[in-house]
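Below is one structure, written out as structure tokens; comments come after it.
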Amino acid sequence: MPTPYRLPLPYRQVDVFAARPFAGNGLAVFPDARGLPAPLMQQLARELNQFEAIFLEIDGPSRWVRARIFTVDEELPFAGHPVLGAAAVAHQEALPEAEHVAWTFGLGERGVLVESWRAPHGFRARMDQGVAQFGPPLSAAQAAPFLAGLGLEPGDAHATLPLQMVTTGLPYLIVPLRRRFGEARIRVAGYEALLATIGAKFVYVVDPEGPEGRTWDNQGLVEDVATGQRGRADRRLPGPPRRPSGGSGSSPSSRGPAAGDPASSASRWRRTGISSRCRSRATWSRSPTASSRASSRDAHLRLPLRPPGRRPGPRPVALAGVGDHHPPLVRGRGAGGAPHPHPASSPADHDRRL
Numbered sequence: 010m011p012t013p014y015r016l017p018l019p020y021r022q023v024d025v026f027a028a029r030p031f032a033g034n035g036l037a038v039f040p041d042a043r044g045l046p047a048p049l050m051q052q053l054a055r056e057l058n059q060f061e062a063i064f065l066e067i068d069g070p071s072r073w074v075r076a077r078i079f080t081v082d083e084e085l086p087f088a089g090h091p092v093l094g095a096a097a098v099a100h101q102e103a104l105p106e107a108e109h110v111a112w113t114f115g116l117g118e119r120g121v122l123v124e125s126w127r128a129p130h131g132f133r134a135r136m137d138q139g140v141a142q143f144g145p146p147l148s149a150a151q152a153a154p155f156l157a158g159l160g161l162e163p164g165d166a167h168a169t170l171p172l173q174m175v176t177t178g179l180p181y182l183i184v185p186l187r188r189r190f191g192e193a194r195i196r197v198a199g200y201e202a203l204l205a206t207i208g209a210k211f212v213y214v215v216d217p218e219g220p221e222g223r224t225w226d227n228q229g230l231v232e233d234v235a236t237g238q239r240g241r242a243d244r245r246l247p248g249p250p251r252r253p254s255g256g257s258g259s260s261p262s263s264r265g266p267a268a269g270d271p272a273s274s275a276s277r278w279r280r281t282g283i284s285s286r287c288r289s290r291a292t293w294s295r296s297p298t299a300s301s302r303a304s305s306r307d308a309h310l311r312l313p314l315r316p317p318g319r320r321p322g323p324r325p326v327a328l329a330g331v332g333d334h335h336p337p338l339v340r341g342r343g344a345g346g347a348p349h350p351h352p353a354s355s356p357a358d359h360d361r362r363l
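To convert, count from 1 in the sequence shown and add 9; that's this note's numbering.
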């Protein structure tokens, strides 16, 4: 029976918060999702098996992007790294000649302001997530089951920073630790239900002295190497008084050896809320591999990553951010699969391009 959907569906594979291809946090971006029903979006997210997939309807002239974000299990109201990666893809797809674009991303009833810049070998992206909302700090008795579910004891918790739910759109329980950071992981079934009792969706374990953070899917099976939303949330602990009252400042965040996949980001406090800076990468994978992989599971979903009408071959699409310590923007992918080196630019050059 013929499918009513537009197939094949082009998409881009993007690495967000990455210093190089195949690092950071993977993301699938569908730049033209008009008419796709939510069940098919969910099926595609499961097929690609990234932490998130984002589906876009882009209106270049108005700088408006309608977006929906899916994990392998469900739709999310908001997530940081998909929006940042999608902004760079939207820039490439809709306004490739523009140096700078100020987007509004529509996520449900919420509008998120996102900016993207063209760089010599890719793009940079930054967003304002607004003001964080705080749940009440957890008492020692309330915190105990959350720590136990991570294989931790009450004495592992930070002495002065409480466990607390924080959200800028997707609620996380922030768990600051003073020891055993590298040993933490979700070890019990039903952790998602436990998080729901305090209004949290996921958990984020923080080493405030690092600073480093870790998070997982709620089954504890896969560690998320880097993400945007909770990276903004952890800067708000121990509570609203920690937020500067005006001006600006910056705070680095890293994903270190515990995850086995280096990634970094930087955030900047601003009077209007929070903006984030990130480094991302994107590469084309071409249709033969993608088609065979998809068709082996579902013959109705043949999803070449190269859009129809575009020739195969080298297609560098590096998406990048800036910061005082980030590596240069360097590589795309060639037809032989090897990275193409590009002249490195200095961190100072990155900041000047803002």
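Where a beta carbon is used, it is the ideal one built from N, C-alpha and C, also for glycine.
Between the region 138 to 150 and the region 191 to 199 there are fewer than three C-beta pairs closer than 8 Å, too few to call the two in contact.
Distance from Arg119 to Gly164 at the Cβ level is roughly 40 Å; contact not present, criterion being Cβ atoms closer than 8 Å. Exposed is the label assigned to Asp82, since fewer than 16 other Cβ atoms lie within 10 Å of its Cβ. When C-alpha distances from Val25 are compared across Phe211, Ala202 and Leu93, the shortest belongs to Leu93. Taking the CA atoms as reference points, Leu104 sits about 43 Å from Leu172. In this structure Asn58 is exposed. Its beta-carbon is surrounded by fewer than 16 other beta-carbon atoms within 10 angstroms.
Of the residues Trp73, Ala97 and Leu122, the one whose Cα lies closest to the Cα of Asp137 is Leu122. The closest CA to that of Ile63, considering only Val175, Ser71 and Arg75, is found on Arg75. The DSSP assignment places 61 to 68 and 73 to 79 as complete runs of the beta strand (DSSP E) inside the region 57 to 93, in order along the chain (cut-off: 3 residues). Contact between Ser125 and Ala96 holds, since their C-beta atoms are separated by about 4 Å, short of 8 Å. Leu203 and Ala111 have their C-alpha atoms roughly 39 Å apart. In this structure, the CA atom of Arg223 is about 11 Å from the CA atom of Glu192. Under the DSSP assignment, Gln151 falls in the alpha helix (DSSP H) whose first and last residues are Ala149 to Gly158. In this structure, Ala153 is the residue among Ala153, Ala168, Ala107 and Pro180 with its C-alpha nearest to the C-alpha of Glu162.
Using a Cβ distance threshold of 8 Å, Leu170 and Pro217 count as a contacting pair. Of Pro30, Ala134, Gln22 and Leu85, the smallest CA-CA separation from Leu36 is found for Gln22.
Listed as beta-bridge partners of Tyr181 by DSSP are Val175 and Phe211. Residue pairing for Thr113: DSSP places it in a beta bridge opposite Trp73 and Leu122. DSSP, read as helix, strand or coil, puts Val98 in helix.
Per DSSP, reduced to three states, the secondary structure at Gly144 is coil, with no helix or strand assignment. Annotation: Pro46 to Pro17 spans about 15 Å, alpha carbon to alpha carbon. Secondary structure at Gln52: helix, using DSSP grouped into helix, strand and coil.
Exposure of Leu230 is indicated by the presence of fewer than 16 other C-beta atoms within 10 angstroms of its C-beta. In this structure Phe79 touches Glu61 by the C-beta definition: roughly 7 Å separates them, less than 8 Å.
The beta carbon of Arg127 lies closer than 6 Å to those of Glu108 in the same chain, with the five residues before and after it left out. In this structure, Leu159 and Arg194 form a Cβ contact; the two beta carbons are roughly 7 Å apart against a cut-off of 8 Å.
When DSSP states are grouped into helix, strand and coil, Leu36 belongs to the strand group.
In chain order, Val110, Ser125 and Phe132 place their CB closer than 6 Å to the CB of His100, counting only its own chain and leaving out the 5 sequence neighbours on each side. DSSP places Glu201 in the uninterrupted alpha helix (DSSP H) bounded by Tyr200 to Ala205. Just measuring C-alpha positions, the residue of Ala42, Phe114, Phe31 and Leu49 sitting nearest Arg72 is Phe114.
The three-state secondary structure of Asp165, taken from DSSP, is helix. Distance from the CA atom of Ile207 to the CA atom of Arg77, rounded to whole angstroms, is 25 Å. Separation of Asp41 and Ala209 (C-alpha to C-alpha, rounded to the nearest whole angstrom) is 31 Å.
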